[in-house]
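The sequence shown begins at 13 in our numbering and counts up one residue at a time.
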Amino acid sequence: MTTPTGSIFDWTKDQFHLPLGMIYLDGNSLGPLPKATPARIEKMLTEEWGEHLITGWNACSWMEMPTRLGDRIGRLIGAEKGHTVVGDTLSIKVFQALAAAVALNPGRKVILSDTGNFPSDLYMAEGLIELLGDDYELRLAEPHRLEEEITEEVAVLLVTEVDYRTGRRHDVAALTSKAHEMGALAIWDLAHSAGALPVDVAGGKADFAVGCTYKYLNAGPGAPAFIYVAPRHAEHAEPALSGWLGHDTPFAFERSYRPAPGIERMRVGTPPVIQMAALDAALDVWDKIDMEDVRKRSLALTGLMIEEVETHCPGLKLATPRENDKRGSQVSFRFEHGYAAMQALIDLGVIGDFRAPDIMRFGITPLYIGEDEVREAVEILARILRGALWDQPKYQRRKRVT
């Protein structure tokens, strides 16, 4: 791999395919294609699958990919080696973590989260409660009141570090400390944190953590998720979804399930090897990067975005905290006609996205976004607002994906 020269972010920008004329501010939803990915997938298809077929599981170490890639992600989230594994979807990993945490804290019936959490996390909690019955409860607090709602009734705290709509950042270490003080366990959802800001699951004493790889980690649409289990729970956590590859000896084909040791028990089904090859290539970029540098650059760019929009787009209302320590790596604004305005913006080559009911959302990803892109994006947005260009029928029609 080429050694970076000059600014690290000049080098990282050159590692991605970015369509000519497009300003891409949606890496918090789907990261762009790393230039190395097509060749890595082609190698997997032709040299590995094509030439080895079924023997590739051994010859090409496909079966080891979930834990090998888990450790590569583990470095970015401050995890101890051997305690992160990749596979399945984020919703499945949320369910696994919740089920295991509830089982580790018997006698308590409350799963606590906040009203700003991503709906899928809450749906997984609701589904688990339906299965458990017996008066289990999902309790939701307003984000700013979450800490005070952690009481001795709570079995598990489920918190997404960065709010997917507003970009508001929780102090998860403080929340985890309070949870432990009250006898609860803490699960961190790092969907909008991994690759966006420094994370320290070990130092923050997380019990479990989960996250996806298709956003800031740039592994592609449908890329697999990851789960972290703290060492103190690794041999006791019950995986709930007891798939064959989480079995202690999967190729013994025993009739009954016995969990594998440690993090291996959190594997469920067959690894998606093609998608994991894309993740493997995407993670190569991160080997050269210090997350503290990413965070410093991110705060400068999100601050610039806020300043520029408030100067040139007075019709928008900031939904993201101004304080550096309270925001992730995105900026969101409220606007009554936010959906239509975002469609107009996309039509003019600036890609952001919209979240109901009125949020225009912009991911600020320093690996390939700089000051020039931020300023030009705001200039185009201001032009749309001044001319009410959003007020055209073609921009009013809702698409399936917003």
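Ideal Cβ placement from N, Cα and C applies to all residues, glycine included.
| Asked | Found |
| --- | --- |
| Quick one: grab the DSSP three-state call for Lys121. | coil |
| Could you check which residue in Gly128, Leu357, Ile141 and Leu81 has the C-alpha nearest to that of Gln108? | Ile141 |
| If Gly274 and Glu250 are in contact, beta carbons under 8 angstroms, what's the gap, nearest whole angstrom? | Not a contact, Cβ separation roughly 13 angstroms. |
| Pull up the distance between the alpha-carbon of Ile318 and that of Glu304, whole angstroms please. | 21 angstroms |
| Spell out the partners DSSP gives Met372 in its beta bridges. | Phe345 and Phe366 |
| For Trp298 and Leu379, what's the separation of their Cα atoms in angstroms? | 10 angstroms |
| If we count Cβ pairs, one from each stretch, closer than 8 angstroms, do we get three or more for the region 61 to 68 versus the region 209 to 219? | no |
| Determine the direct distance from the alpha carbon of Glu266 to that of Val413, and round the result to whole angstroms. | 43 angstroms |
| Considering only the beta carbon of each residue, do Ala198 and Ala112 sit closer than 8 angstroms? | no |
| When the Cα atoms are used, what is the spatial distance from Ala353 to Tyr269? | 53 angstroms |
| Tell me the rounded alpha-carbon separation between Ala312 and Glu159. | 29 angstroms |
| Note down, in chain order, each residue of its chain lying with its Cβ closer than 6 angstroms to the Cβ of Arg84, except the 5 sequence neighbours on either side. | Leu295 |
| Does DSSP classify Thr49 as helix, strand or coil? | helix |
| Output needed for Glu165: all residues of its chain with C-beta closer than 6 angstroms, excluding positions within five of it in sequence on either side, in chain order. | Val122 |
| Work out the CA separation of Thr261 and Arg180 for me, nearest whole Å. | 43 angstroms |
| My understanding is that Gly39 touches Thr377, with C-beta atoms under 8 angstroms, so please give their C-beta distance in whole angstroms. | 4 angstroms |
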